[in-house]
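Engineer:
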Ligand SMILES: Nc1ncnc2c1ncn2[C@@H]1O[C@H](COP(=O)(O)OP(=O)(O)OP(=O)(O)O)[C@@H](O)[C@H]1O
Ligand SMILES: Nc1ncnc2c1ncn2[C@@H]1O[C@H](COP(=O)(O)OP(=O)(O)OP(=O)(O)O)[C@@H](O)[C@H]1O
Ligand SMILES: [Mg+2]
Ligand SMILES: [Mg+2]
């Protein structure tokens, strides 16, 4: 056995090496996105145009915000199928608060977020205390939210035309040239990043996903924390709902189905494992951007719609495979 | 320590007792279904009518067959998102073989199955050899299959009106009173049941789901077997496609999205764990029946569509929770 | 001391699981300032008793006291708060989190709601320095070897301000150097206000570290004996309920002349095995009917040799089986060529934890248990029942789920799997990890008789006595290289240690990255 | 479709069409009409639409991308006019003329609207239902509960029955997403719950075929009056075989054609009528082979 002091020195060197490597890895994670971007820039003169890039960012925003929340649930090894229709329910409720009840803007927006948190809370309670598999708990919530959106709205869109300034929430440009929706997405990502890596919620999400039993044995109240984690995820769903409503200047009760798969795909493409324990917010943001860029680029190139699907499928395989190769080399 | 002979006798007795308990458990698994059935029988005089039960069985058939295949993939701890649109592609290709190329019925049907196997094979190769997460590999396949269905069919349905007898594959009644589609579903379930519990494919699927690394170190060629397992799952997708085509007497290229979630839901409601290692075919059949019965019953009761969603969501939670309680007591 | 209340006491505790009475009216007294050894056969109930103290289980009957006050912890956290720290037999670590994050899980220092990871690392560093553990706090636990993980568990337990330290087979994964470190830690820990409960199957360790020994058998309390005045033989007798001959080298292999020398056929020949990480030009030969031992310090590369040979990790070099050059790309190829490998990490590489004994035992031999493509489960049940008898696996039935078995019995199940597969070459890596003294002897007998039947066996073990007792020849490794091969009968611990430390340094507990 | 060719890169004028759907036969027929016009008028046309008619946001993103391609004119079938107002403004500011088609956009921006009146068309379906059934119970299998088209095709029908056919009761309206199988299952459940049902109306191709399937599978062929909407081979076959009494078809091919034609006119700066009605037709066994009808039916 070496003397303690040498040991410490050695381990600290190792730690620094590890830290740098991780940073490098995160930077390299952009590679897939950059390649896709470069390709489309060559392929079409319209692609690398600020209006179009703005369009891509805007298209990323709502799914991206949902994906942020889903990242937390997936970090625990769970899955959240309710983000899509849950978002819609939040839109509709925001509509009820603002357009039907005429509540002040701030109250309506906070109300929308609260509904999201409530959805998450119920998911969390079902998963923790009823011990339902997350797939089932959130599938049920997906249906209930879809049904309730229709019931509450009377299957008709709720318009915000008379709610002054609501559409500016997404469309306004606090930073000139950048729609607020995108700004909100980035801000949400920053908050999610800190929450995942620096707060107990995030730490325990990763810990539960890594080994739930061990986490419980270590004295973490796993059930309670799961409820917290799902609730946090729900907050992002709520935010997505508000942004969506603002972007459409209306709450569309029929929307939402299918968004959950897109959100989960963004998370997984970003390198988060569905088995839990490993998750990065930066990855999720990149994953969401990759999805939106691909769709946009293929459209800009006027690839026929039926071929677009085929192309997206193949590119996803290539992007994720490249990512796996890259990691394989680094490990 | 008792003498060897007594021990053997004791352990074998114990095994028999356990066997019985397992059977009991499987019988009890019907409980949820029975309760739902009983409820609707009281609620509507039209529910418990052979014509309606037949309708439920028929409605179960296609999703049920897909769910059978998905059970194998889920047993390994994977997920198959390509069953829905994959089924559609198999329908379309069956149409190409029979209606466009005019091949003999048997060849066309086998061709449809072969396309399913091919889809599964590609999924398996992507998961095994490219080490893609199953979610990503099958998500990509879901998109590719959807695109190809549209491309190949020219976004138009392919009709089998001129293919004599093709519609009898699903609609005919070999057993009087029971449409062949239902018969095929049950036969497929029987085959799937034996395959899962009595063949290497099934056993290795469960072992891989239980502990992939340990299975590999035990000398099982995990990569190869995964390819086999996904291919088997694909065969069921192919069968679902053929049955679907026969029932509609046409291949509808736009269909299929959303079926994958229904199929997976059936599997999970049936008690198969998404973490892998635990799966029963009987459970999947019951899960699929529960889903179809619920939808049918609520429709018979003329519950408005939007409330149907809410009700289905809540009943799924209750059914699965009851199942968890029942198991909890037994374990 | 005798009139002050015991530090920790259990009186008349019982605990049942479906089909098993794990504890039946058990007593235990831990005095202040002592190390109490807790011994018993596999499945005797040791781990279950400890889980009562840590609040993982509640006793069905009976009571527990801490310093004379009744205690019934509601869970591990409360047990920690009461000053009871437990190192469980099965690790409870989060592989994706770092070492520091694991140690302080549930107790993260925060500022303004944000976790201070730098502070976590600092505290872990201080802890490691105090304990003399060479680990990097920032390393993910998934990068650690089993021994490294064990050290993390130890550090975690000692990071609490504990009065009672409970250790369930902490040395099962450790080599002698780390055992020495651990014993130093234990001795430092013991003071008039603290006490240690120590579970082990290694009698020499118990002799060395403990003051008294409590013996359990079949879930019942047998006796508590003072270590100093009790012979090992008597302890074992109390454990198994009869006299047992141990420590004697079995007759067959002790003839003195190594079989390798008398020109028996070479079954497995490895030449120039090299891996990117560790191994450099490893060569050896294994003869028919031979038991070849592999010795070395932790991280010397023995496990890596085995994994490379069976194709679990990538390597370069030549492998010949029965004189034929073969290419082994994965463990399936290895088994096809008649080479089986029992891993040192039974939880990760050995067991299907949520499946029953039958399915576990059948796994490797499954293709041979089919008829017309259908698995014959009756065969599996029969074979499993046979194995349960042969290896004395303590289980209520062959359909018991593997994770409900005691640690030693799980190890036996893994061994049974390979016995059923009946490979010509069997590589066993720490085969008796967690196995009790009596069963150990039976396993030694079993391995020897397999060799006598013409099977060839490689035994990797960190217990030098085990290697010396079993092996016809011993390959000694250091830092990924073979530093010498000794003839078993003539080798001594001293010879081996000399070769094992040839390069004079010790490697850290880190084994960079898993194979995936 | 224009293949993978770079739109706008050549000399041909480029017209981008963003529709409400893509893979449904109705929208494919619109696309066909648009392609016909494109060939005839020598322009470049692209055609896109979301998978279902609820995907308002997806459609907006498509619209955005279409605008970014700088087309010479834009054809747009809005899923929700309100939500697309900012985009319309954007198009106007870029000087891209917009032709609304299908349901129109509530905005001044579109230079013309090539529309089809779903309310009137479904009222026509109701009229025939009333005539054929006389009195009794009927039901509706709808294709979409939330989209404008889906709602109007139910509303127009229901309104007509309520106002003009006192003897007829609509006992149930169920939605099945236009999925053939699910529509069949839904129709069966309705028939089961109402054994004395006299007729069922399916609001689009998938729904209508599903209803026919259900009637067939429950062996009630000929006992119920089935009325459909849109065309497609399965429906025309069902009408020929007497399984379906008849159906309403709009003229999607004409709609596509007129949209592109109007776009070209707008590009050339010509004055346009504010509304071009693409019309609808009732067809049944008697007129299915008439030239006028056959021209608007698609397979
Ligand atoms: N969760 C459980 N469910 C069912 N049986 C259990 C469970 N845990 C332990 N047992 C059983 O209780 C008995 C005692 O197990 P325990 O783990 O306490 O033994 P042990 O003395 O620690 O053995 P070892 O030396 O092998 O670690 C065994 O027969 C075991 O199979
Ligand atoms: N859990 C594991 N996953 C992957 N590889 C492992 C694992 N455990 C060990 N290894 C391989 O074996 C090596 C660690 O064991 P190694 O062969 O260095 O030591 P050893 O001599 O067997 O001593 P010990 O096993 O006691 O640490 C690693 O370099 C790694 O390649
Ligand atoms: Mg134990
Ligand atoms: Mg080792």
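Chains as they are written, first to last, in this note's numbering: chain A, 1 to 331; chain B, 332 to 662; chain C, 663 to 1178; chain D, 1179 to 1477. The beta carbon of each residue, even a glycine, is placed where N, CA and C say it ideally should be.
1. Any heavy atom of ligand 1 closer than 6 Å to the CB of residue 1008 (chain C)?
2. Smallest Cα separation from residue 680 (chain C): which of C:1058, C:954, C:1032?
3. Could you pull the start and end residues of the beta strand (DSSP E) that residue 1029 (chain C) belongs to?
4. Can you tell me whether DSSP reads residue 606 (chain B) as helix, strand or coil?
5. Contact between the segment 1241-1261 of chain D and the segment 1416-1426 of chain D: three or more CB pairs below 8 Å?
6. Residue 306 (chain A) touches chain B at which residues, Cβ-Cβ below 7 Å?
7. What's the gap between the Cα of residue 76 (chain A) and the Cα of residue 1192 (chain D)?
8. Hey, how far is the Cα of residue 912 (chain C) from the Cα of residue 982 (chain C)?
9. Using a cut-off of 7 Å between C-beta atoms, extract the partners of residue 131 (chain A) located in chain B.
10. Strictly closer than 5 Å from CB to any heavy atom of ligand 1: give me those residues in the order they appear in the chain.
11. Should residue 413 (chain B) go down as buried or exposed, given a rule of 16 or more other Cβ atoms within 10 Å for buried?
12. Verify whether the separation of the beta carbon atoms of residue 994 (chain C) and residue 552 (chain B) is less than 7 Å.
13. Quick one: which residues of the segment 250-261 of chain A get their C-beta closer than 8 Å to a C-beta of chain B? List them in chain order.
14. At a cut-off of 6 Å, is residue 964 (chain C) close to ligand 4 when judged by its beta-carbon and the heavy atoms of the ligand?
15. Between the Cα of residue 836 (chain C) and the Cα atoms of C:1037, C:1006, C:683, which residue gives the shortest distance?
16. Is it buried or exposed, residue 1195 (chain D), if we count other Cβ atoms within 10 angstroms and call 16 or more buried?
17. For residue 552 (chain B) and chain C, any beta-carbon pair shorter than 7 Å?
18. Residue 963 (chain C) to residue 274 (chain A), Cα distance in whole Å?
19. Give the residues of chain B in contact with residue 1396 (chain D), contact being defined as C-beta atoms less than 7 Å apart.
20. Are the segment 392-401 of chain B and the segment 591-610 of chain B in contact at 8 Å, needing three or more beta carbon pairs?
21. Consider the Cβ of residue 218 (chain A): report whether some Cβ of chain C lies at a distance smaller than 7 Å.
22. Using 7 Å as the limit for Cβ to Cβ distance, is residue 633 (chain B) near chain D?
23. For chain A, find out if any of its Cβ atoms is closer than 7 Å to the Cβ of residue 1323 (chain D); answer yes or no.
24. Return yes when the Cβ of residue 90 (chain A) is within less than 7 Å of the Cβ of residue 65 (chain A), no when it is not.
25. How is residue 957 (chain C) classed by DSSP in three states: helix, strand or coil?
26. For residue 1464 (chain D), which option in D:1448, D:1445, D:1428, D:1424 has the closest C-alpha, if you only look at C-alpha atoms?
27. Can you list, in chain order, the residues of its chain whose CB lies under 7 Å from that of residue 1211 (chain D), leaving out five sequence neighbours each side?
28. Return the Cβ separation of residue 192 (chain A) and residue 281 (chain A) in integer angstroms, given the expectation that the two are a contact with Cβ distance under 8 Å.
29. Between which two residues does the beta strand (DSSP E) harbouring residue 1340 (chain D) extend?
30. With DSSP as the reference, label residue 1459 (chain D) as helix, strand or coil.
31. Residue 1347 (chain D) by DSSP, collapsed to three states: which one?
32. Along chain C, which residues have their Cβ under 8 Å away from the Cβ of residue 608 (chain B)?
33. Label residue 1479 (chain D) either buried or exposed according to how many other C-beta atoms from any shown protein chain fall within 10 Å of its C-beta, with 16 as the threshold for buried.
34. Helix, strand or coil, according to DSSP, for residue 1001 (chain C) in the structure here?
35. Taking the beta strand (DSSP E) that residue 1079 (chain C) belongs to, which residues open and close that run?
36. What residues of chain B sit near residue 1029 (chain C), judged by a beta carbon separation below 8 Å?
Structural biologist: In short, the structure shows the following:
1. no
2. With distances taken between CA atoms, residue 680 (chain C) lies nearest to C:1058 out of C:1058, C:954, C:1032.
3. Careful: residue 1029 (chain C) lies outside any beta strand (DSSP E) and carries neither H nor E.
4. If DSSP states are grouped into helix, strand and coil, residue 606 (chain B) belongs with coil.
5. no
6. In chain order, 478, 481, 482, 486 make up the part of chain B whose C-beta sits under 7 Å from the C-beta of residue 306 (chain A).
7. 50 Å
8. The predicted position of residue 912 (chain C) is uncertain, since its pLDDT is 48 and thus under 50; a value taken from the coordinates is nonetheless stated next. Residue 912 (chain C) and residue 982 (chain C): Cα-Cα distance of roughly 30 Å.
9. At a beta-carbon threshold of 7 Å, the residues of chain B lying near residue 131 (chain A) are 655, ordered along the chain.
10. C:679, C:682, C:684, C:704, C:705, C:706, C:707, C:708, C:709, C:710, C:1056, C:1066, C:1067, C:1068, C:1069, C:1070
11. buried
12. Contact flag set, yes.
13. 257, 258, 261
14. yes
15. Just measuring C-alpha positions, the residue of C:1037, C:1006, C:683 sitting nearest residue 836 (chain C) is C:1006.
16. Classification for residue 1195 (chain D): buried.
17. With 7 Å as the cut-off, residue 552 (chain B) counts as an interface residue toward chain C.
18. 33 Å
19. 382
20. yes
21. For residue 218 (chain A), a Cβ of chain C is located within less than 7 Å of the residue's own Cβ.
22. yes
23. Yes, contact with chain A.
24. no
25. strand
26. For the residues D:1448, D:1445, D:1428, D:1424, the minimum Cα distance to residue 1464 (chain D) belongs to D:1424.
27. 1430, 1431, 1432, 1433, 1434, 1435
28. At roughly 5 Å, the Cβ-Cβ gap stays under 8 Å, so residue 192 (chain A) and residue 281 (chain A) are in contact.
29. Premise fails: residue 1340 (chain D) lies in the alpha helix (DSSP H), 1326-1342, not in any beta strand (DSSP E).
30. When secondary structure is reduced to three states using DSSP, residue 1459 (chain D) falls in the strand class.
31. strand
32. Per Cβ cutoff of 8 Å: 1014, 1016, 1017.
33. Outside the displayed range of chain D (1179 to 1477) lies residue 1479 (chain D), so it cannot be described from this structure.
34. strand
35. For residue 1079 (chain C), there is no enclosing beta strand (DSSP E); the enclosing alpha helix (DSSP H) covers residues 1069-1083.
36. 531
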